[in-house]
Amino acid sequence: MKRQRLTVLGATGSIGVSTLDVVARHPERYEVFALSGFSRVDTLAAQCIRHRPRYAVVGGGDAATQLESRLRAAGVVTEVLAGEDALEQVAAAPETDAVMAAIVGAAGLRPTLAAVRAGKRVLLANKEALVMAGAVFMAEVRKSGATLLPIDSEHNAVFQSLPAGFAGDFERRGVRRILLTASGGPFRATPLEQLASVTPSQACAHPNWSMGRKISVDSATMMNKGLEVIEAHWLFAAGAERIEVVIHPQSVIHSLVEYVDGSVIAQLGNPDMRTPIAHALAYPERIDAGVAALDLFQVAQLTFERPDLERFPCLRLAYRALAAGGNAPAVMNAANEVAVAAFLEGRLPFLRIAGVIAAALDAVPPGPAADLPAVLAADALGRQAALVALARP
Ligand code: NAD
Ligand code: MG
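Here's what the structure looks like:
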């Protein structure tokens, strides 16, 4: 069997590390063509020594020199590149078959889009890219024939629960609705008056999943679920009315699909991202992911609640941006990135995150987002408007 050659964008992050863990279990199936990391040179160096990629891409400056000297000392011939153009280059290179898009935030948009345009098998973790540029993305997928496989656990679960070859043809395939599960994050049951003073480390202490800091805060505000509603809209050609969010604190059911005959098909598993990663890497085959078997006797109970939009205004904002369409999701995503960064740096109270995003949505005039320049312009306007809102007392 020919080995699949893989580029991992964001290799040093939570998803990147889990991806390389799965890859290392199957050396006969996968070889690593390129790895990228922004600043964590130690981790990236160790990954290069272990996986021997042709290229390693860093953010720039010192990181490249440092990585270079680490690798030479270890006798590794991996070529070190730096910057955004290099990310696009390794994502689209003819020598790579599949690209794991696991950079966090808008920074992942261009390289992920480059992989799509080159017709790669794209394993999409970087949901922000799809939220910002859904229309551009899906048009490019159709044009290039790229295969887009969702890594987000909910979307991977929906993909597994939909009929094979589903193409947004709900009526014809008898599909009624998509039910996206959400854990509710660390503050699902925290008394509202305590939310005003929560710290970044409390927000990042997710009850079920271990993830990067940005998505952890998004889970605490439930903006993560808002982004995922928009992600589901694009991936499955589903109108907002076909996507319902269900709070399920155990994170065992990763999402469900409801059919017209009353059947509901779900995907279950332990909350470990190596399951959707292994699914997408091997699709349509199945491989060992290193994940323990689900012990239903241990789980014992599965419970469900309706999301509380007063507690989680970010979820409402995401439905608003989806309904507005055009540039609104890109503006919302950009403002969220600014607000979350400010919260993580101790410059913004947790409860003001939603207000900053709402202010940006109010401030930026609606417009189209039908091509990359328009998306990048919306992103810039969203960031600017969020910074203005941040500066207000
Ligand atoms: P992380 O913070 O752990 O890792 C982010 C990666 O992106 C790192 O490798 C970092 O070096 C790189 N990066 C950061 N800024 C960059 C920049 N400006 N330019 C280039 N590279 C940059 O994040 P994560 O938790 O692994 O999440 C990655 C993506 O996957 C996010 O979009 C997230 O929403 C999505 N996702 C993550 C999980 C999870 O369990 N962690 C689950 C579902 C979806
Ligand atoms: Mg998710």
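Just so you know, the working numbering puts the end of the sequence shown at 1775, numbered straight through with nothing missing.
Even for Gly, the Cβ is constructed at its ideal location relative to N, Cα and C.
Fill in: Distance cut 7 Å, beta-carbon to the ligand MG heavy atom: residue list by chain order
In chain order, the qualifying residues are 1534, 1535, 1536, 1606, 1610.
Fill in: Cutoff 6 Å; reference residue 1736; Cβ partners in own chain excluding five residues on either side
For the purposes of this step, residue 1736 is taken as residue 354 along the sequence shown, with counting starting at 1. Within the same chain, residue 1736 has close Cβ partners 1695, 1696.
Item to complete: Give the DSSP-derived three-state secondary structure of residue 1725 in the structure shown.
Response: Here residue 1725 corresponds to residue number 343 of the sequence shown, with the count starting at 1. When secondary structure is reduced to three states using DSSP, residue 1725 falls in the helix class.
Fill in: Assigned exposure category for residue 1583 - 16 Cβ within 10 Å defines buried
Within the sequence shown, numbered from 1, the residue matching residue 1583 stands at position 201. Exposed, because fewer than 16 other Cβ atoms sit within 10 Å of the Cβ of residue 1583.
Practice prompt. Pull up the distance between the alpha-carbon of residue 1517 and that of residue 1751, whole angstroms please.
Written response: The residue you call residue 1517 lines up with position 135 of the sequence shown. The residue you call residue 1751 lines up with position 369 of the sequence shown. About 7 Å.
Practice prompt. For residue 1469, verify whether its CB is less than 8 Å away from any heavy atom of the ligand NAD.
Written response: Locating residue 1469 in the sequence shown gives position 87, where the first residue counts as 1. Checking every heavy atom of the ligand NAD against the Cβ of residue 1469, one is found closer than 8 Å.
Fill in: residue 1482 in three-state terms, based on DSSP
Start at 1 with the first residue of the sequence shown, and residue 1482 comes out as number 100. Strand at residue 1482.
Item to complete: Check whether the Cβ atoms of residue 1622 and residue 1638 sit closer than 9 Å, and answer yes or no.
Response: In the sequence shown, the residue the question calls residue 1622 occupies position 240. In the sequence shown, the residue the question calls residue 1638 occupies position 256. It is not a contact, given that the beta carbons lie outside the stated cut-off.
Worksheet entry | Residue-chain proximity (residue 1688, chain D), Cβ-Cβ < 9 Å | As a matter of chain content, chain D is missing from the structure shown, which is built from one protein chain.
Worksheet item: Starting from residue 1701 and walking both ways along the alpha helix (DSSP H), at which residues does that stretch end?
Response: As a position in the sequence shown, residue 1701 is number 319, starting the count at 1. Residue 1701 -> alpha helix (DSSP H) spans 1695-1706.
Fill in: Contact belief for residue 1523 with residue 1544 at Cβ below 8 Å, rounded distance in angstroms
Residue numbering aside, residue 1523 sits at position 141 when the sequence shown is read from its first letter. Residue numbering aside, residue 1544 sits at position 162 when the sequence shown is read from its first letter. Not confirmed; about 17 Å, so no contact.
Worksheet entry | Burial state of residue 1679, where buried means 16 or more other Cβ atoms lie within 10 Å | Position 297 of the sequence shown, counted from the first residue, corresponds to residue 1679. With fewer than 16 other Cβ atoms within 10 Å, it is exposed.
Discussion item. Short of 8 Å in beta carbon distance, which residues of its chain neighbour residue 1403, apart from the five on each side in sequence? Order them along the chain.
Written reply: Here residue 1403 is taken as the residue at index 21 of the sequence shown, counted from 1. Excluding residues within five positions, the ones whose Cβ falls inside 8 Å are 1656, 1672.
Fill in: residue 1492, buried or exposed, once every other Cβ within 10 Å from all chains shown has been counted against 16
Position 110 of the sequence shown, counted from the start, is the residue given in the question as residue 1492. With 16 or more other Cβ atoms within 10 Å, it is buried.
Worksheet entry | Heavy atom of the ligand NAD within 8 Å of residue 1603 beta-carbon | To locate residue 1603, count along the sequence shown from 1; it is residue 221. Not so, every heavy atom of the ligand NAD lies at least 8 Å from the Cβ.
Discussion item. Give me, in chain order, the residues of the same chain whose beta-carbon lies closer than 7 Å to that of residue 1487; leave out the 5 immediate sequence neighbours on both sides.
Written reply: Translated into the one-based positions of the sequence shown, residue 1487 becomes position 105. Same-chain partners within the cutoff: 1510, 1596, 1719.
Worksheet item: Smallest Cα separation from residue 1744: which of 1728, 1753, 1765?
Response: Start at 1 with the first residue of the sequence shown, and residue 1744 comes out as number 362. Nearest option by C-alpha distance: 1765.
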